[in-house]
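Under the numbering used here, think of the first position of the sequence shown as 1, with each following residue one higher.
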Amino acid sequence: MVLNPKGGCGKTTLATNLASYFSTRGRKVALADFDPQGSSGDWLAQRPADRAPIYQVALDEAKEKLLIPLGMDHIVMDAPAATHGKELKRHVKKAQTLLIPVLPSPIDIRAAARFIEELLLVGRVARAETRIAVVANRVKEQTLIYQALQRFLASLDIPFIATLRDSQNYIRAAQRGIGIFEMPPTAVAVDLEQWQPLLRWLDNDRGTPARKH
Ligand SMILES: Nc1ncnc2c1ncn2[C@@H]1O[C@H](COP(=O)(O)OP(=O)(O)OP(=O)(O)O)[C@@H](O)[C@H]1O
Ligand SMILES: [Mg+2]
């Protein structure tokens with residue numbers, strides 16, 4: 001599940017690209033969109049029919065019951081902004097792994113600090129039954145605020161696993177219902193490289209509890 005109550009930090013971008021990645025690897029993947037804005041649902045609706053399939057998780061009105069298609073290898077969940085308190089606990093219960101994208105901005109860093117404090121008190125997370133990692137997103141390297149974000153993420157007691165740059169490739173992919181993994185490799189080489197540590201962490205660490213890397 002991609003989660004962070006701060007709006008616009010990249011939850012949908014991470015969720016859709018992750019689903020795209022799994023689909024291109026021949027894995028059966030379904031996408032669950034918990035956001036009333038329905039952005040990843042819109043993305044999926046736009047997905048060209050000749051692309052590797054990504055299935056949709058149907059949700060009931062309260063978004064509590066998940067109708068997951070049979071035989072899935074992965075379920076990628078896109079959480080809405082402003083998820084706190086009881087709703088946060090309900091969301092955390094649904095996931096084995098949480099990815100938290102954070103933007104290089106003072107407002108986002110402060111909000112992430114508060115959110116992570118709240119998250120670490122959620123039972124499943126406190127008991128290390130849910131794996132968590134943070135991802136720096138929309139990074140412009142060589143900026144002071146990126147250095148501040150790096151220091152903040154590295155200071156956390158949860159793994160900081162990837163840095164994704166600010167790139168038009170994500171916008172272009174989103175427009176077409178695809179992910180960067182489905183674009184011409186030469187156009188997205190830098191972005192593909194930046195995803196590798198995240199994908200390795202997801203693949204290799206399956207089933208182990210959250211811990212600092
Ligand atoms: N690495 C990136 N490079 C360039 N643009 C990006 C990147 N990540 C996200 N964006 C853009 O930033 C905007 C917000 O991203 P996104 O919709 O993924 O955030 P979100 O956390 O899902 O937002 P919300 O809280 O509203 O659901 C979108 O227009 C998206 O295309
Ligand atoms: Mg979103």
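Ideal Cβ placement from N, Cα and C applies to all residues, glycine included.
Practice problem: Pull up the CB-CB distance for Q56 and A79, whole angstroms please, since I reckon it's below 8 Å. | Solution: Rounded, the Cβ-Cβ distance is 16 Å, inconsistent with contact.
Quiz item: Between the Cα of L302 and the Cα atoms of A187, D203 and A58, which residue gives the shortest distance?
Solution: In the structure as shown, the chain starts at 1 and stops at 213, and residue 302 therefore has no counterpart that could be examined.
Exercise. May I have the straight-line CA-CA distance separating A62 from A154, to the nearest angstrom?
Key: 36 Å
Exercise. Specify the secondary structure class of I132 as computed by DSSP and reduced to three states.
Key: strand
Self-check item: Inter-stretch contact (C-beta, 8 Å, three-pair minimum) for the stretch 172-182 and the stretch 12-24
Solution: yes
Quiz item: I100: which of L3, N169, Q196 and L18 sits nearest, CA to CA?
Solution: L3
Quiz item: Is the Cβ-Cβ distance between T83 and P5 less than 7 Å?
Solution: yes
Quiz prompt | Given E87 as reference, the closest of A111, G41 and D35 once Cα atoms are compared | solution = D35
Practice problem: Put D108 into one of helix, strand or coil per three-state DSSP. | Solution: helix
Quiz item: What is the residue span of the alpha helix (DSSP H) that L153 lies within?
Solution: L144 to S155
Practice problem: Compare the Cα-Cα distances from K140 to each of A133, I132, R131 and Q150 and report the closest residue. | Solution: Q150
Quiz item: Got a sec: does ligand 3 put a non-hydrogen atom nearer than 6 Å to the Cβ of G10?
Solution: In the structure shown, ligand 3 is absent; the only ligands present are ligand 1 and ligand 2.
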